[in-house]
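Report on the structure given below.
Residue numbers (the numbering used here): 732 to 980.
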């Protein structure tokens, strides 16, 4: 907001992009994203707004940043590039990180492609070794490092023996009536089956996974954010950074 032009935010998750753009727009910040959920016309409109300098923030996935022609798009504005690069989930660029993604390696070229543009890297899960590797791979010389504690006093883990897990799950949710919660499953099929099972037991639940139509997936996320859906059953990528303050389990 302070700098002229558009800051480009590199983010790995579609759900996270949508949530953050919605939040920015609600606060009067001109934000948009480019990802696979947009129609060709919507893509062109966002690109046009970027060229015109009408965006404060543009969210993109690392895969899109690396596509042929995208660097040329980023140079096609009054500043000949972004005002700033913000790399979210930056541990993904480190092979020492727990969630290494090869697509992030393209980011190592940013300082060469845009030498005058500042680059910031942000993560909540970097060890000292990963932090050093992020600096090295991004070519950030004399980096200013800001490190905070990862201890969250309001969070705890509880492990229970698994017996009849469907009964256990329903009983657990009934112990938290009206509270927002996320149930994680490892496959799309199990997400659908678990959501159906919970609904059959009177739980206000919905499914969320990458195999759903974009409108249905987006609608489910919006319903969860508005508390129209109490429990969301999802594959493990959902919720990483989704800004809902009252998730209780």
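No residue lacks a Cβ here, since even glycine has one placed at the ideal position from N, Cα and C.
Subject >> Minimum length 4: unbroken alpha helix (DSSP H) runs contained in the segment 932-967 >> reply: Taking 4 residues as the shortest admissible run, the segment 932-967 contains the following complete alpha helix (DSSP H) segments, listed from N- to C-terminal end: 945-956.
**OP:** Name the residue from 792, 919, 944 and 925 whose alpha carbon lies nearest to the alpha carbon of residue 901.
**Re:** Per the Cα distances, 925.
Original post:
Going by beta carbon distance, what residues of the same chain come within less than 8 Å of residue 966, once the five residues before and after it are set aside?
Top reply: These residues qualify, in order along the chain: 915, 916, 917, 918, 919, 922, 939, 940 and 941.
Original post:
Residue range of the alpha helix (DSSP H) that residue 818 falls in?
Top reply: Counting along the chain, residue 818 falls outside any alpha helix (DSSP H), though it belongs to the beta strand (DSSP E) covering 815-818.
Original post:
What are the boundary residues of the alpha helix (DSSP H) that residue 745 is part of?
Top reply: 745-757
**OP:** Count the other CB atoms, across all protein chains shown, that sit within 10 Å of the CB of residue 774; report buried if there are 16 or more and exposed otherwise.
**Re:** Around the Cβ of residue 774, a 10 Å sphere holds fewer than 16 other Cβ atoms; the residue is exposed.
Subject >> Check whether residue 789 and residue 848 have beta carbons under 7 Å apart >> reply: With a cutoff of 7 Å on beta-carbon distance, residue 789 and residue 848 are scored as not near each other.
**OP:** If I'm right that residue 746 touches residue 973 with Cβ under 8 Å, what's the distance once you round it to whole angstroms?
**Re:** The Cβ separation is near 6 Å, so the contact holds.
Original post:
Using CA coordinates, which residue listed in 851, 828, 757 and 805 is at the minimum distance from residue 860?
Top reply: From the listed residues 851, 828, 757 and 805, the smallest Cα separation to residue 860 is found for 828.
**OP:** Would you give the residue range spanned by the alpha helix (DSSP H) that residue 781 belongs to?
**Re:** 771-783
**OP:** Let me know if residue 737 comes out buried or exposed under the rule of 16 or more other beta-carbons within 10 Å of its beta-carbon.
**Re:** buried
**OP:** Just mark residue 820 as buried or exposed, buried being the case when its beta carbon has 16 or more other beta carbons within 10 Å.
**Re:** With 16 or more Cβ atoms within 10 Å of its Cβ, residue 820 is classed as buried.
Original post:
Of the residues 872, 798, 768 and 802, which one's Cα is nearest the Cα of residue 946?
Top reply: 768
**OP:** Given a cut-off of 7 Å, decide if residue 735 and residue 761 are closer than it, judged by their beta-carbon atoms.
**Re:** Result no, Cβ atoms of residue 761 and residue 735 do not sit closer than 7 Å.
Subject >> Beta-carbon contacts of residue 743 that lie in its chain and below 7 Å, excluding the five residues immediately before and after >> reply: 792, 793, 820, 823 and 832
**OP:** Would you kindly work out how many angstroms separate the C-alpha atoms of residue 800 and residue 777, rounded to a whole number?
**Re:** 15 Å
Subject >> Same chain, Cβ closer than 6 Å to residue 954, neighbours up to 5 away in sequence not counted >> reply: 960
Original post:
What residues match up with residue 790 in a beta bridge as DSSP calls it?
Top reply: 740 and 764
Original post:
Does the beta-carbon distance from residue 874 to residue 866 come in below 7 Å?
Top reply: Cβ atoms of residue 874 and residue 866: closer than 7 Å.
Original post:
Just curious, the alpha helix (DSSP H) that residue 904 is in, first and last residue?
Top reply: 896-905
Original post:
With DSSP run on the structure shown, which of helix, strand or coil describes residue 862?
Top reply: helix
Original post:
Taking the continuous beta strand (DSSP E) assigned at residue 914, which residues delimit it?
Top reply: 912-915
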